[in-house]
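Novice: To convert, count from 1 in the sequence shown and add 6; that's our numbering. All residues carry an ideal CB built from backbone N, CA and C; glycine is no exception.
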Amino acid sequence: MKKYMSLVLFAHSIFALPFAIIGFFLAIKTTGFQFDWKLFVLMLVCMVTARNAAMAFNRYLDRDIDALNPRTAVRDIPAGRISPKQALTFTIINCIVFMVACYFINAMCLVLAPVALFVVLFYSYMKRISPLCHLVLGLGLGLAPVGAYLAVTGAFSIVPIFYGLAVLTWVSGFDIIYALQDEEFDRANGLNSIPANFGGPKALRISEVLHVLSFIFVSLPVFFMPTGWFYYIGLLFYGSLLIYQHRIVSPTDLSRVDRAFMTTNGIASVVFMVFYLLDIAFI
Numbered sequence: 007m008k009k010y011m012s013l014v015l016f017a018h019s020i021f022a023l024p025f026a027i028i029g030f031f032l033a034i035k036t037t038g039f040q041f042d043w044k045l046f047v048l049m050l051v052c053m054v055t056a057r058n059a060a061m062a063f064n065r066y067l068d069r070d071i072d073a074l075n076p077r078t079a080v081r082d083i084p085a086g087r088i089s090p091k092q093a094l095t096f097t098i099i100n101c102i103v104f105m106v107a108c109y110f111i112n113a114m115c116l117v118l119a120p121v122a123l124f125v126v127l128f129y130s131y132m133k134r135i136s137p138l139c140h141l142v143l144g145l146g147l148g149l150a151p152v153g154a155y156l157a158v159t160g161a162f163s164i165v166p167i168f169y170g171l172a173v174l175t176w177v178s179g180f181d182i183i184y185a186l187q188d189e190e191f192d193r194a195n196g197l198n199s200i201p202a203n204f205g206g207p208k209a210l211r212i213s214e215v216l217h218v219l220s221f222i223f224v225s226l227p228v229f230f231m232p233t234g235w236f237y238y239i240g241l242l243f244y245g246s247l248l249i250y251q252h253r254i255v256s257p258t259d260l261s262r263v264d265r266a267f268m269t270t271n272g273i274a275s276v277v278f279m280v281f282y283l284l285d286i287a288f289i
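Written as structure tokens, this is what we have:
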């Protein structure tokens with residue numbers, strides 16, 4: 007189990023999971039649905055299994071590329087800790103569990119489950135096709151708040167879509183920063199990424215634009231639902247951490263990319279979720 011959690015970098019679930027929880031409680035707060043532990047657990051199962059499938063499939067598909075890259079050669083498949091067959095089997099099992107969980111949630115989630123799986127799995131091919139791969143990754147994680155809202159209501163609404171767009175642009179932006187580490191490798195091996203196609207300085211500018219959009223999207227719900235001071239404090243923290251990660255990374259200094267990628271963004275999502283939950287608790 008420890009090897010499989012390493013394969014899918016389970017700790018990285020911290021990025022989208024808080025926004026899924028936001029989408030879930032948004033539905034309860036704004037529609038009058040009652041909290042249901044069974045439904046909440048099923049939503050979490052969907053989140054974890056979809057992400058497990060996406061990450062394991064990415065590791066399976068990229069195993070030969072990862073073996074060539076000194077930064078990624080230590081990953082589980084190139085290092086021989088998990089075989090390609092085991093990774094693919096793990097992917098399939100998680101896809102099946104995801105579909106079963108959607109079946110027990112509602113008809114809308116079941117109908118849209120194959121679409122969600124297609125998005126999160128197709129990301130693994132995108133780096134071979136287009137530098138828009140970062141946006142496809144963002145789209146996959148951006149489904150989290152929308153899917154959690156659908157789990158409760160079985161219907162779409164504008165506010166969870168705002169949160170989905172916020173996650174899409176936020177994740178795309180920090181994935182571009184993370185991809186700076188492989189700029190030369192990707193270019194030499196014909197792989198598409200925004201740093202490889204546009205260079206480090208332009209890639210950082212694109213990332214900054216995406217993060218400005220993310221802050222705008224996460225701010226728009228204040229015009230569509232009642233919010234209090236806790237929400238605005240959460241926005242302040244979220245925006246500040248977006249700015250901070252751009253302050254500590256430059257094309258000539260990538261030594262703090264991991265801090266910008268994992269620590270800062272993990273804190274940003276969790277802190278915003280906490281203040282969102284405090285806000286709906288006290289309104």
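DSSP three-state label for D68, please.
Specialist: Your numbering for residue 68 matches position 62 in the sequence shown. In this structure, D68 counts as coil in the three-state DSSP scheme.
Novice: List the whole-angstrom C-beta distance separating V158 from F281, where the pair is believed to meet the contact cut-off of C-beta under 8 angstroms.
Specialist: Your numbering for residue 158 matches position 152 in the sequence shown. Your numbering for residue 281 matches position 275 in the sequence shown. Between F281 and V158 the Cβ distance is about 21 angstroms, and since that is not below 8 angstroms, they are no contact.
Novice: Going by the DSSP bridge assignment, what does D259 pair with across the sheet?
Specialist: Locating residue 259 in the sequence shown gives position 253, counting from the first residue. Beta-bridge pairing links D259 to S256.
Novice: Let me know if A161 comes out buried or exposed under the rule of 16 or more other beta-carbons within 10 Å of its beta-carbon.
Specialist: The sequence position of residue 161 within the sequence shown is 155, counting from 1. Looking at its Cβ environment, which holds fewer than 16 other Cβ atoms inside 10 Å, A161 is exposed.
Novice: Quick check: what's the CA-CA separation for T97 versus I183?
Specialist: Locating residue 97 in the sequence shown gives position 91, counting from the first residue. Locating residue 183 in the sequence shown gives position 177, counting from the first residue. Each residue's alpha carbon lies about 27 angstroms from the other.
Novice: Would you kindly work out how many angstroms separate the C-alpha atoms of G153 and L242, rounded to a whole number?
Specialist: Locating residue 153 in the sequence shown gives position 147, where the first residue counts as 1. Locating residue 242 in the sequence shown gives position 236, where the first residue counts as 1. Their backbone Cα atoms lie some 26 angstroms apart in a straight line.
Novice: What span of residues does the alpha helix (DSSP H) with R193 cover, start to end?
Specialist: On the sequence shown, residue 193 is found 187 positions in, with the first residue counted as 1. Note, R193: alpha helix (DSSP H), 189 to 194.
Novice: Here's the rule I'm using: 16 or more other beta-carbon atoms within 10 Å means buried, otherwise exposed. How should I286 be labelled?
Specialist: In the sequence shown, the residue the question calls residue 286 occupies position 280. That one is buried.
Novice: Could you say if the segment 226 to 241 and the segment 177 to 193 meet the contact criterion of at least three C-beta pairs nearer than 8 angstroms?
Specialist: In short, these stretches do not touch, since the Cβ pair count stays below three.
Novice: When the Cα atoms are used, what is the spatial distance from A62 to A93?
Specialist: Stepping through the sequence shown from its first residue, residue 62 is reached at position 56. Stepping through the sequence shown from its first residue, residue 93 is reached at position 87. Near 6 angstroms, if we compare the C-alpha coordinates of A93 and A62.
Novice: Whole angstroms are fine: how far does the CA of K91 sit from the CA of Y250?
Specialist: Locating residue 250 in the sequence shown gives position 244, counting from the first residue. Locating residue 91 in the sequence shown gives position 85, counting from the first residue. Answer to the nearest angstrom: the Cα atoms are 41 angstroms apart.
Novice: By the 10 Å Cβ neighbour count, where 16 or more other Cβ atoms means buried, how is F168 classified, buried or exposed?
Specialist: Within the sequence shown, the letter at position 162 stands for residue 168. With 16 or more other Cβ atoms within 10 Å, it is buried.
Novice: Could you tell me the distance, in whole angstroms, from the CA atom of L210 to the CA atom of H252?
Specialist: For the purposes of this step, residue 210 is taken as residue 204 along the sequence shown, with counting starting at 1. For the purposes of this step, residue 252 is taken as residue 246 along the sequence shown, with counting starting at 1. Looking at the two C-alpha atoms, the distance is approximately 8 angstroms.
Novice: Out of M49, N195, S275, D259, state which residue places its alpha-carbon closest to the alpha-carbon of K133.
Specialist: Translated into positions along the sequence shown, residue 133 becomes position 127. Selected option, being the one with the closest Cα: N195.
Novice: Would you mind listing the alpha helix (DSSP H) stretches within the segment 167 to 238 that are 4+ residues and don't spill past its ends, in chain order?
Specialist: For the segment 167 to 238, whole alpha helix (DSSP H) runs of length 4 or above, ordered along the chain, are 189 to 194, 200 to 204, 206 to 225.
Novice: Are the beta-carbon atoms of A79 and D72 separated by less than 9 angstroms?
Specialist: Here residue 79 is taken as the residue at index 73 of the sequence shown, counted from 1. Here residue 72 is taken as the residue at index 66 of the sequence shown, counted from 1. Their beta carbons are under 9 angstroms apart, which means A79 touches D72 by this criterion.
Novice: Express the C-alpha separation of L171 and Y1 in angstroms, rounding to a whole number.
Specialist: Lying before the first or after the last residue shown, residue 1 is absent from the chain, which here runs from 7 to 289.
Novice: Determine whether the beta carbon atoms of G293 and S178 lie at a separation below 9 angstroms.
Specialist: Absent from the model: residue 293. The displayed extent of the chain is 7 to 289, so no value can be given.
Novice: Express the C-alpha separation of G272 and I254 in angstroms, rounding to a whole number.
Specialist: Stepping through the sequence shown from its first residue, residue 254 is reached at position 248. Stepping through the sequence shown from its first residue, residue 272 is reached at position 266. Approximately 16 angstroms, taken between the alpha carbons.
Novice: Taking L147 and T175 to be in contact with their CB atoms under 8 angstroms, please state how far apart those CB atoms are, rounded to whole angstroms.
Specialist: Indexing the sequence shown from 1 puts residue 147 at position 141. Indexing the sequence shown from 1 puts residue 175 at position 169. About 11 angstroms; that fails the 8 angstroms criterion.
Novice: Could you check where the alpha helix (DSSP H) with G153 kicks off and where it finishes?
Specialist: The residue given as residue 153 occupies position 147 in the sequence shown. First-last of the alpha helix (DSSP H) with G153: 139 to 159.
Novice: So, for T233: in the same chain, excluding its five sequence neighbours on each side, which residues have a beta-carbon less than 8 angstroms away from its beta-carbon?
Specialist: Counting from one through the sequence shown, the residue named residue 233 turns up at place 227. Result list for T233: P227, D285, I289, in chain order.
Novice: Since I believe C115 is in contact with F156 (beta carbons under 8 angstroms), could you give me their beta-carbon distance rounded to a whole number of angstroms?
Specialist: Position 150 of the sequence shown, counting from 1, holds the residue named residue 156. Position 109 of the sequence shown, counting from 1, holds the residue named residue 115. Checking the displayed sequence, the identity of residue 156 turns out to be Leu instead of Phe. Correct: roughly 6 angstroms between the Cβ atoms.
Novice: What's the C-alpha gap between A59 and V142?
Specialist: The count along the sequence shown starts at 1 and reaches residue 59 at position 53. The count along the sequence shown starts at 1 and reaches residue 142 at position 136. Roughly 15 angstroms between the two C-alpha positions.
Novice: Look at the alpha carbon of A150 and the alpha carbon of N75, and state the distance between them as a whole number of angstroms.
Specialist: Start at 1 with the first residue of the sequence shown, and residue 150 comes out as number 144. Start at 1 with the first residue of the sequence shown, and residue 75 comes out as number 69. Rounded to whole angstroms, A150 to N75 spans 31 angstroms at the Cα level.
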